[in-house]
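Peer 1: Residue numbers (my numbering): 1 to 370.
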């Protein structure tokens with residue numbers, strides 16, 4: 001009997017060791033590294049009421065408990081509500097409130113919110129353009145400048161060509177100046193081909209892709225997108241939690257056609273991932289695809305870029321990309337404070353919203369039962 005027990009324990013121990021070896025190295029904490037900067041990423045805060053914003057707060061608490069230090073900045077990829085059409089000002093205020101509640105020393109002025117296709121143009125959005133963020137550089141693209149349903153908008157192709165020319169100028173200027181800091185490019189729409197391309201959603205994505213893929217031969221670039229909520233669209237790249245590394249093959253829509261096969265296969269030179277869908281996902285859960293709701297983190301170390309996605313239960317996925325330019329950016333200062341489309345008007349909007357929101361919370365508290 002004793003020998004059988006010993007054999008059973010030995011088998012169990014062997015199975016446990018094999019399982020532990022098979023698990024990702026990040027199961028303990030993806031923040032046990034030598035990163036010198038962390039940037040939070042999230043998008044599509046579309047859910048009933050404030051559910052997505054409350055969920056965001058829970059994400060932050062789990063991340064902090066796993067060792068995430070105060071983030072340097074946060075990038076939000078648009079679409080702030082499912083019910084109200086224009087919720088950008090209250091949405092941004094709630095994001096900043098949740099961030100400050102978990103990280104009191106966070107600089108909420110470095111929360112960058114851009115426009116999605118469900119958002120009216122708002123004075124609260126950061127302007128499209130290039131920003132020096134200190135340890136990294138940021139190129140912001142609002143939905144008005146790279147809109148959805150592009151094939152149904154006369155003249156939008158030429159507008160996107162101009163946008164691509166400005167992006168090329170800024171990235172080319174960095175290369176010419178020897179500025180090898182990492183670059184994050186944030187938009188609402190993706191660059192890859194999906195079923196949405198059948199109605200020409202991102203028809204002219206190739207204009208931006210060509211610029212990024214050329215600059216990505218030299219610079220460390222991370223491209224962030226939202227919009228999809230996955231559905232059937234992103235099953236082939238992971239669903240609601242996706243990541244593509246330099247060297248992988250991406251399908252890029254053709255600018256002169258639309259449909260199931262209207263794409264070219266291109267080899268990525270830059271990192272391509274979604275922000276993390278915070279409000280909802282209607283993707284199919286399969287062996288290779290997920291519908292998990294997540295919040296993302298981009299971490300810069302001297303030798304690598306780490307892309308992390310968190311659920312409310314903890315780390316879901318972490319991927320590392322080797323830096324082309326090791327160490328570049330570590331010694332830089334705080335950088336710019338991203339500018340709004342209309343700073344003075346946004347401040348007025350925010351004050352009015354804050355007054356109404358505080359009043360609503362006080363009234364709601366009268367009906368709370370403990």
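Glycine included, every Cβ here is placed at the ideal spot set by N, Cα and C. Remember, it's a predicted structure, so these values are computed and weren't measured experimentally.
So residue 267 packs on residue 245, CB below 8 Å; how close in whole Å?
Peer 2: Working through the chain shown from its first residue, we reach residue 267 at position 267. Working through the chain shown from its first residue, we reach residue 245 at position 245. Wrong, their Cβ atoms sit about 11 Å apart, outside the cutoff.
Peer 1: Who are residue 186's beta bridge partners in DSSP?
Peer 2: Numbered from 1 along the chain shown, position 186 holds the residue referred to as residue 186. Looking at the DSSP assignment, residue 186 forms a beta bridge with 140, 224.
Peer 1: Under 8 Å: do the stretch 186-197 and the stretch 139-149 share three or more Cβ pairs, one atom per stretch?
Peer 2: Yes, the stretch 186-197 is in contact with the stretch 139-149.
Peer 1: Would you identify the three-state DSSP class for residue 206, choosing helix, strand or coil?
Peer 2: Taking the first residue of the chain shown as 1, we reach residue 206 at position 206. DSSP places residue 206 in helix when its eight states are reduced to three.
Peer 1: Could you tell me whether the stretch 216-226 touches the stretch 313-326, where touching means 3 or more Cβ pairs closer than 8 Å?
Peer 2: Contact between the stretch 216-226 and the stretch 313-326 is present, because at least three Cβ pairs lie under 8 Å.
Peer 1: Alpha carbon to alpha carbon, how far is residue 234 from residue 261?
Peer 2: Within the chain shown, the letter at position 234 stands for residue 234. Within the chain shown, the letter at position 261 stands for residue 261. Spanning the two alpha carbons is a distance of roughly 15 Å.
Peer 1: Count the C-beta pairs between the stretch 163-176 and the stretch 225-232 that are closer than 8 Å, then say yes if the count reaches three, no if not.
Peer 2: As far as the Cβ criterion goes, the stretch 163-176 does not touch the stretch 225-232, which means the pair count is below three.
Peer 1: What is the DSSP secondary structure of residue 244, reduced to helix, strand or coil?
Peer 2: Residue numbering aside, residue 244 sits at position 244 when the chain shown is read from its first letter. If DSSP states are grouped into helix, strand and coil, residue 244 belongs with the strands.
Peer 1: Which partner residues of residue 274 appear in the DSSP bridge assignment?
Peer 2: The residue you call residue 274 lines up with position 274 of the chain shown. Note: residue 274 sits in a beta bridge opposite 225.
Peer 1: Would residue 281 and residue 265 qualify as a contact pair, given that the criterion is a beta-carbon distance under 8 Å?
Peer 2: Reading the chain shown from its first residue, position 281 is the one you call residue 281. Reading the chain shown from its first residue, position 265 is the one you call residue 265. No; because the gap between Cβ atoms is not below 8 Å, this pair is not in contact.
Peer 1: Reducing DSSP to helix, strand and coil, say where residue 231 ends up.
Peer 2: Position 231 of the chain shown, counted from the start, is the residue given in the question as residue 231. Residue 231: coil per DSSP, three-state reduction.
Peer 1: When the Cβ atoms of the stretch 31-40 are set against those of the stretch 302-309, are three or more pairs found closer than 8 Å?
Peer 2: The stretch 31-40 vs the stretch 302-309: in contact.
Peer 1: Straight-line CA distance for residue 67 to residue 253?
Peer 2: Residue 67 sits at position 67 when you count from the first residue of the chain shown. Residue 253 sits at position 253 when you count from the first residue of the chain shown. One C-alpha to the other measures close to 40 Å.
Peer 1: Span of the beta strand (DSSP E) holding residue 161?
Peer 2: Within the chain shown, the letter at position 161 stands for residue 161. Premise fails: residue 161 lies in the alpha helix (DSSP H), 156-177, not in any beta strand (DSSP E).
Peer 1: If you draw a straight line from the C-alpha of residue 193 to the C-alpha of residue 203, how long is it?
Peer 2: As a first step, residue 193 is located in the chain shown; it is residue number 193 there, counting from the start. As a first step, residue 203 is located in the chain shown; it is residue number 203 there, counting from the start. Each residue's Cα considered, the two are about 9 Å apart.
Peer 1: Looking at the strands, I want to know which residues DSSP matches up with residue 40.
Peer 2: Along the chain shown, read from residue 1 onward, the residue named residue 40 stands at position 40. 74, 297, per the DSSP bridge assignment.
Peer 1: Which two residues bound the contiguous alpha helix (DSSP H) that contains residue 153?
Peer 2: Locating residue 153 in the chain shown gives position 153, counting from the first residue. Residue 153 -> no alpha helix (DSSP H), and no H or E assigned at all.
Peer 1: Specify whether the stretch 96-116 and the stretch 67-77 touch according to this definition: at least 3 beta carbon pairs, one from each stretch, less than 8 Å apart.
Peer 2: Flag = yes, the stretch 96-116 and the stretch 67-77 touch.
Peer 1: Could you tell me if residue 164 is buried or exposed, where buried requires 16 or more neighbouring beta carbons within 10 angstroms of its beta carbon?
Peer 2: Taking the chain shown and counting its residues from 1, the one referred to as residue 164 is at position 164. Buried.
Peer 1: Where residue 21 and residue 316 are concerned, what is the direct C-alpha to C-alpha distance, given to the nearest angstrom?
Peer 2: Here the question's residue 21 lines up with position 21 in the chain shown. Here the question's residue 316 lines up with position 316 in the chain shown. Because the pLDDT at residue 21 is just 41, under 50, the model does not fix this residue reliably, and the point stays unresolved.
Peer 1: Round the Cβ separation of residue 327 and residue 136 to the nearest angstrom and send it over; I've been treating them as touching at under 8 Å.
Peer 2: In the chain shown, counting from the first residue as 1, residue 327 sits at position 327. In the chain shown, counting from the first residue as 1, residue 136 sits at position 136. Between residue 136 and residue 327 the Cβ distance is about 13 Å, and since that is not below 8 Å, they are no contact.
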